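Peer 1: Taken in order, these protein sequences are the chains called A and B. Here the first sequence stands for residues 412 to 526, numbered as in the numbering used here. Here the second sequence stands for residues 731 to 842, numbered as in the numbering used here. Ideal Cβ positions, reconstructed from N, Cα and C, are used throughout, including at glycine. Quick caveat, the model's predicted, so the values are computed rather than measured.
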Amino acid sequence: DTGVSQNPRHKITKRGQNVTFRCDPISEHNRLYWYRQTLGQGPEFLTYFQNEAQLEKSRLLSDRFSAERPKGSFSTLEIQRTEQGDSAMYLCASSLGAGPNEKLFFGSGTQLSVL
Amino acid sequence: SQKIEQNSEALNIQEGKTATLTCNYTNYSPAYLQWYRQDPGRGPVFLLLIRENEKEKRKERLKVTFDTTLKQSLFHITASQPADSATYLCALGDTGRRALTFGSGTRLQVQP
Numbered sequence: 412d413t414g415v416s417q418n419p420r421h422k423i424t425k426r427g428q429n430v431t432f433r434c435d436p437i438s439e440h441n442r443l444y445w446y447r448q449t450l451g452q453g454p455e456f457l458t459y460f461q462n463e464a465q466l467e468k469s470r471l472l473s474d475r476f477s478a479e480r481p482k483g484s485f486s487t488l489e490i491q492r493t494e495q496g497d498s499a500m501y502l503c504a505s506s507l508g509a510g511p512n513e514k515l516f517f518g519s520g521t522q523l524s525v526l
Numbered sequence: 731s732q733k734i735e736q737n738s739e740a741l742n743i744q745e746g747k748t749a750t751l752t753c754n755y756t757n758y759s760p761a762y763l764q765w766y767r768q769d770p771g772r773g774p775v776f777l778l779l780i781r782e783n784e785k786e787k788r789k790e791r792l793k794v795t796f797d798t799t800l801k802q803s804l805f806h807i808t809a810s811q812p813a814d815s816a817t818y819l820c821a822l823g824d825t826g827r828r829a830l831t832f833g834s835g836t837r838l839q840v841q842p
C-alpha cells in the first residue's frame, strides 16, 4: 500500500497525559499536513511541512502541540498535557507540490479520546 | 475573517436524480477550489479541482462550477447512486504558502 499511513488508528488517554501520533506520507510527496476534525466539522488546519521545514502553524495551535518531520520523511505530532477538548480525529495528508498541484492525499486518521 | 459555508443540513435525494451542493465563501480570493468526498471514519478523498479562471470542470458524473463574482462553487452529481452517499467538502487554496482551508461539509444521502 503506497498511501498515507497513520498510527495508531485509535488512542484513548487520560487527561494530562502526553500522546504522540505518527504519519508516513506517500514517499515522493514533499509536503505534509496535519489537520484536526471534530464531528460534523471539516478538517481544521494545524500545521504543514515542506520537506523538513515547518512552514506554517495555525494560530489556533496551542503550545502543547508540537510537530516534527525529521529528514523530510515521516512526521510525528505530539500533544502534551492532553485536555478533553483535544478529543478529535487527527488527519495527516501529503501532496506533491504547492498551489494548483496541492491535491491532498489523506490518511485514515488517528481518533483521539481524552477521558 | 475568512469564512466558507456549506449546507449543514443533509441533502436527501432519490437515486437517479442530480445532487447539487453549494459552497460559498467570504473574505477570500482563492486561486483554486477543490472538492473532496469523505466517508465515515475515513480521511477525505480528492475529487475535482477548479482554478479561478475556469468556469466549469467535469469528470464522469461530476461537474463543478466556480463563480468568483458570486464567491460560490456548485458541485453536481448526475444520475446519483446510493454509493454516492457521503459527506462532500469544499476546500479553498491560493498560490502562496498557505494550506488548504476546508468547509464543514454537506452530507448527501441518496435513497434507492
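Does Gln768 of chain B pass the burial test, meaning 16 or more other C-beta atoms within 10 Å, or should it be called exposed?
Peer 2: When all chains shown are included, Gln768 of chain B counts as buried.
Peer 1: How big is the Cα-Cα spacing for Gly523 of chain A and Ile807 of chain B?
Peer 2: Here residue 523 of chain A turns out to be Leu, not Gly, going by the sequence shown. Distance between the alpha carbons of Leu523 of chain A and Ile807 of chain B: 33 Å.
Peer 1: Would you mind reading off the limits of the beta strand (DSSP E) that contains Lys793 of chain B?
Peer 2: Start and end: 792 to 797.
Peer 1: In chain order, what residues of the same chain have a beta carbon less than 6 Å from the beta carbon of Gln802 of chain B, not counting five sequence neighbours either side?
Peer 2: Once the five neighbours on either side are set aside, the close Cβ partners of Gln802 of chain B are Asn754.
Peer 1: Please confirm if Ile767 of chain B has its CB atom under 8 Å from at least one CB of chain A.
Peer 2: Per the sequence shown, the amino acid found at residue 767 of chain B is Arg instead of Ile. Not one chain A Cβ lies under 8 Å of Arg767 of chain B.
Peer 1: Touch check for the segment 485 to 495 of chain A and the segment 742 to 756 of chain B: three-plus C-beta pairs under 8 Å?
Peer 2: As far as the Cβ criterion goes, the segment 485 to 495 of chain A does not touch the segment 742 to 756 of chain B, which means the pair count is below three.
Peer 1: Go to Leu822 of chain B, then tell me how far its beta strand (DSSP E) extends in each direction, as first and last residue.
Peer 2: Run containing Leu822 of chain B: 816 to 823, per the beta strand (DSSP E) assignment.
Peer 1: With a threshold of 16 other CB atoms inside 10 Å of the CB of Gln495 of chain A, please say whether the residue is buried or exposed.
Peer 2: With fewer than 16 Cβ atoms within 10 Å of its Cβ, Gln495 of chain A is classed as exposed.
Peer 1: Could you check how far apart the C-beta atoms of Gln811 of chain B and Val775 of chain B are, in whole angstroms? I think they sit under 8 Å.
Peer 2: With a Cβ gap of about 16 Å, Gln811 of chain B and Val775 of chain B do not count as contacting.
Peer 1: Between which two residues does the beta strand (DSSP E) harbouring Ser486 of chain A extend?
Peer 2: Run containing Ser486 of chain A: 486 to 490, per the beta strand (DSSP E) assignment.
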